[in-house]
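Novice: In full-length UniProt numbering, the protein residues as written are 1 to 336. Have a look at this one before I ask anything.
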């Protein structure tokens, strides 16, 4: 059957959510009936870093979060599905740039009681263990370790997009899946600044400070260096990095994990990294909508802020379920 005889499903947005959703649709739906088209202003194969395409600029690691709200409980399920997918992928295809390693959490301040509650969605992570007081830095109120994954997003997205194209993706649309911020929605952006260094790090470490700031180290697999972070600045659209911020991030990281420094006690800076994390007031939007004109169907999947990599396969699974239910005439599950 020619493409002109097929129904076409268009995925708008080629960040990690868009590409993962497009790929799972392509590899699951009958190819003789459906053509999957990926349409976007930006792709991971574009030249140079682009703050408006944050996927390849992300730290890209997994860390469990205590699920204290219905939204976070939903995200925890999506994260678990993604974790399992990445675990299988890392074992079978290390060339995708996904590696499992030790993850460390250090927590101080207002968040401490939430972590100490040891909620199921937090402690059920593989290899989870609460750290003894002797194992955490001075001033840290809670610590834990677990098995985390880290991703080199440039390598990973290259393979994912290649897999999509080789699989036949590539077309009048019968359904549209939106994987970017909605024009009329309460969308915003969180500017994040990190620093890529060539220094080797053998684990991913995240520290929540009592003043609400963060320090983290995220190794990039396949000798891709280490991401040192990071900031979260709501409604800041500036693409320019701050040298003062970089210096503070590096100093915090040196204090957090001195073993990352080279033999001269220094960081070897590759570049500053600035990206705009697409966020949404009220959290992620993941639902099906029927447009009034032409009875067109849209599946919305956006607003994940800094958790796109962590939730990607879980979100794509739900997108697939909603699309399948709609195509089969069922009632898809929708979430906001």
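Heads up, the beta-carbon is just placed ideally off N, CA and C, and yes, glycines get one too.
1) Rounded to the nearest angstrom, what separates residue 99 and residue 31 at their Cα positions?
2) Out of 5, 14, 241, 253, which has the shortest C-alpha to C-alpha gap to residue 272?
3) Indicate the three-state DSSP secondary structure (helix, strand or coil) for residue 168 in the structure shown.
4) With a threshold of 7 Å on Cβ separation, who are the neighbours of residue 269 within its own chain once the five nearest residues in sequence on each side are excluded?
5) Residues in its own chain within less than 6 Å of residue 283 by CB, not counting five upstream and five downstream?
6) Residue range of the beta strand (DSSP E) that residue 102 falls in?
7) Relative to the C-alpha of residue 76, which residue among 208, 221, 170, 62 is closest?
8) Count the CB pairs spanning the segment 106-120 and the segment 128-140 that are closer than 8 Å, and state whether there are at least three.
9) Could you confirm whether any beta carbon from chain D is found closer than 8 Å to the beta carbon of residue 63?
10) Where does residue 113 land, buried or exposed, given buried means 16+ other C-beta within 10 angstroms?
11) Look at the alpha carbon of residue 80 and the alpha carbon of residue 248, and state the distance between them as a whole number of angstroms.
12) From residue 280 to residue 305, what does the alpha carbon distance come to, in whole angstroms?
13) Comparing alpha-carbon positions, which option in 200, 153, 235 lies nearest residue 341?
14) What's the call for residue 17, buried or exposed, on a 16-neighbour Cβ count within 10 Å?
Specialist: On the basis of the supplied data:
1) Approximately 32 Å between the Cα atoms of the pair.
2) Nearest to residue 272 by C-alpha distance, out of 5, 14, 241, 253, is 241.
3) Note: residue 168 maps to coil in three-state DSSP.
4) Closer than 7 Å at the Cβ level, and outside the excluded window around residue 269, lie 195, 197.
5) Only 71 meet the Cβ criterion.
6) For residue 102, the uninterrupted beta strand (DSSP E) segment begins and ends at 98-107.
7) 62 is the residue among 208, 221, 170, 62 whose C-alpha sits nearest the C-alpha of residue 76.
8) A contact exists between the segment 106-120 and the segment 128-140.
9) No chain D is part of this structure, which consists of one protein chain only.
10) With fewer than 16 other Cβ atoms within 10 Å, it is exposed.
11) Approximately 33 Å between the Cα atoms of the pair.
12) Roughly 7 Å separates the two Cα atoms.
13) Because the chain is modelled from 1 through 336, residue 341 falls outside the range shown and cannot be assessed.
14) It counts as buried.
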